[in-house]
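Undergrad: Could you have a look at this structure, given as structure tokens, before my questions?
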Amino acid sequence: MATIRSFRAYRPRPDVAGRVAALPYDVYNRQEAEIEVKREPLSFLKVDRAETSFGPEVDTYAPCVYDKAGELLTQMIDDGTYINEQKPVYYIYELIMDGRHQTGLVACASIDDYINGVIKKHENTREDKEIDRIKHVEACGAQTGPIFLAYRAVDVINEIVDRVKQNEKLYGFTSPDGITHNVWIIDDDNDIDTIRAAFEDINEIYIADGHHRSASAVKAGLNKRAANPGYNGDEEFNFFLSVLFPDEQLMIMPYNRVVKDLNGHSKDEFMALVGEKFDITKSDEPVSPDNKGEVGMYMDGAWYKLKVKDGICPSDVVGCLDVSVLQDNVLSPILGIGDPRTDKRISFVGGIRGLAELERLVDGGMAVAFSMYATSIKELFDIADAGKLMPPKSTWFEPKLRSGIFIHKI
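Just so we're aligned, residue 25 is where the sequence shown starts under this note's numbering, counting upward by one.
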């Protein structure tokens, strides 16, 4: 039984929503964040990456940076950039990229559901990244970037969403990257009650993207509980900001790999070793795999299609992922990439950047690139249901949810 509740968001005035909305904080490095905030002074990135208010001599994780984030958010509320919803509501958030619509429900999920496994994860998190966002949440007294959750579609929720989308939009704008963002409000009490009840019949919700933000939100909530031992469970710190998408709405893009060197092998030696596990076919065109069990490879100015040989793939839900097959049969035993989380010789390239980016990197000095077949949403669900974890960088979701459109004060 999932607890997905309505909330009183702080949200930008309609006339500035498109200027405030920002890509997630971790999309940018420090220099890129500074450039973006200079381009758009209203961008919420100035709160998410408050080091942009300081010179390079101030460390990104200095206490004054977190204090500045809280100060800037308070300023945006006080000066009327943000308004506060009059009552707890749900919102509909639609993103349109290249003509494909993806529509989710903006709500608050329960930290207890995360702790008890109703909300399931499929990735490990790093403590340093968690600590950063915990400090940010606590300094702001708010969650500012929504967690991307997924669930198996429910007809009654779909029906309400489809009906409300016929109403006037709360927001409608196109961001500089060409993504269209539309928002509607669900404020009818009957609809709110129906949606809440529908989620109470759902036993599994999945983190699609935002593992660090969700872990940080939960730990910040637990810190609040410790500081308020008389809490009753209804306080806002017991919940975290989310956008929930039905599985039928989602598309996962591949997460490609590029490796710096061939681990001491010559090209011929490397090809021979790969050929023990894969059938190799040279291609006159860049290879974007069409089927599970296929991998594209770019090396020395040429593309190849690799097709895994019979009997190589294990039957377990993690081992049979294409990213696992590549890791277990090429990256680790041949190229010596034992831990892709820490090895500096491997880089990961989101599928949104295309195959030309793989060519550019290899032509520019990297040794070999691999284009992957995308992990499916079913595979993500199956792995999370089994209590397993995916290899790092197994999924790339587009389009990215914007920060700053909805603020959940705790």
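Ideal placement from N, C-alpha and C gives every residue a C-beta, glycine not left out.
What are the start and end residues of the alpha helix (DSSP H) that includes G94?
TA: Per DSSP, G94 belongs to the alpha helix (DSSP H) from 87-102.
Undergrad: Tell me which residues share the same chain as A46 and place their Cβ nearer than 7 Å to its Cβ, disregarding the 5 neighbours each side in the sequence.
TA: So the list reads S67, F68, L69, D72, R426, S427, G428, once near-sequence residues are dropped.
Undergrad: Going by other Cβ atoms of all chains shown within 10 Å of its Cβ, with 16 needed for buried, is R281 buried or exposed?
TA: When all chains shown are included, R281 counts as buried.
Undergrad: Here's a check: name, in chain order, each residue in its chain whose Cβ is nearer than 6 Å to the Cβ of M321, leaving out the five neighbours to either side.
TA: Around M321: Y328, L330, F394.
Undergrad: Could you give the distance in angstroms between the alpha-carbon of V386 and the alpha-carbon of H289?
TA: One C-alpha to the other measures close to 16 Å.
Undergrad: For the alpha helix (DSSP H) holding T223, just list the boundary residues, first then last.
TA: Note that residue 223 is Phe in the sequence shown here, rather than Thr. Segment 213-224, the alpha helix (DSSP H) holding F223.
Undergrad: Short check: CB of F430 to CB of V130, under 7 Å?
TA: It is a contact, given that the beta carbons lie within the stated cut-off.
Undergrad: Kindly identify the DSSP beta-bridge partner or partners of D303.
TA: Partner(s): K331.
Undergrad: Does DSSP classify C132 as helix, strand or coil?
TA: Of the three classes helix, strand and coil, the one that applies to C132 here is strand, per DSSP.
Undergrad: Under the DSSP definition of a beta bridge, which residues are partnered with G320?
TA: Per DSSP, K329, S395.
Undergrad: In this structure, how does DSSP classify E228 when only helix, strand and coil are distinguished?
TA: Looking at E228 - three-state DSSP - the assignment turns out to be coil, as it is neither helix nor strand.
Undergrad: Hey, would you say Y397 sits closer than 7 Å to D334, going by beta carbons?
TA: Not a contact, by the Cβ cut-off of 7 Å.
Undergrad: In whole angstroms, what separates the C-alpha of Q55 from that of S77?
TA: Straight-line Cα distance between these residues: approximately 12 Å.
Undergrad: Mark Y85 as exposed unless 16 or more other C-beta atoms lie within 10 angstroms of its C-beta, in which case mark it buried.
TA: Exposed is the call here.
Undergrad: How is H235 classed by DSSP in three states: helix, strand or coil?
TA: If DSSP states are grouped into helix, strand and coil, H235 belongs with the helices.
Undergrad: Is the stretch 156-172 touching the stretch 221-241, taking contact as three or more C-beta pairs under 8 Å?
TA: They touch, by the three-pair rule.
Undergrad: Nearest by alpha-carbon distance to D186: which of D340, E81, Q273, E109 is it?
TA: If we check each option's Cα against that of D186, Q273 comes out closest.
Undergrad: Apart from the five residues on each side of it in sequence, which residues of its chain come closer than 6 Å, Cβ to Cβ, to P87?
TA: Here the set comprises nothing.
Undergrad: Are at least three pairs of beta-carbons, each pair with one atom in the stretch 258-276 and one in the stretch 398-417, less than 8 Å apart?
TA: Touching, yes, given that three or more Cβ pairs across the two stretches are closer than 8 Å.
Undergrad: Classify V180: buried if its beta carbon has 16 or more other beta carbons within 10 angstroms, exposed otherwise.
TA: Label assigned to V180: exposed.
Undergrad: If we call anything under 7 Å between Cβ atoms a contact, is P170 one with L265?
TA: Yes.
Undergrad: Spell out the partners DSSP gives I28 in its beta bridges.
TA: DSSP output for I28 lists A133 as bridge partner(s).
Undergrad: Where in the stretch 128-207 do unbroken runs of the alpha helix (DSSP H), each at least 4 residues long, occur, reported from the N-terminal end onward?
TA: If we require 4 residues or more, the alpha helix (DSSP H) runs fully inside the stretch 128-207 come out as 135-140, 151-164, 179-188.
Undergrad: For K243, name the three-state secondary structure that DSSP assigns.
TA: Reduced to three states, the DSSP call for K243 is helix.
Undergrad: Under three-state DSSP, which class holds G374?
TA: Of the three classes helix, strand and coil, the one that applies to G374 here is strand, per DSSP.
Undergrad: Since F223 and A26 should fall inside the 8 Å C-beta cutoff, what is the C-beta to C-beta distance between them, to a whole number of angstroms?
TA: Yes, they are in contact, since the Cβ atoms of F223 and A26 sit about 5 Å apart, within 8 Å.
Undergrad: Label I59 either buried or exposed according to how many other C-beta atoms from any shown protein chain fall within 10 Å of its C-beta, with 16 as the threshold for buried.
TA: It counts as exposed.
Undergrad: Going by the DSSP bridge assignment, what does S427 pair with across the sheet?
TA: Paired residue(s): A46.
Undergrad: Using DSSP bridges, identify the partner residues of I434.
TA: Looking at the DSSP assignment, I434 forms no beta bridge with any residue, so it has no partner.
Undergrad: Taking all protein chains shown into account, decide if G254 is buried (16 or more other Cβ within 10 angstroms of its Cβ) or exposed.
TA: Its Cβ having fewer than 16 others within 10 Å, G254 is exposed.
Undergrad: If you draw a straight line from the C-alpha of D91 to the C-alpha of E147, how long is it?
TA: The straight-line gap from Cα to Cα measures roughly 30 Å.
Undergrad: Of all the options D83, V342, G388, V207, which has the alpha carbon lying nearest to the alpha carbon of F197?
TA: Residue V207 is the option with its Cα nearest to F197.
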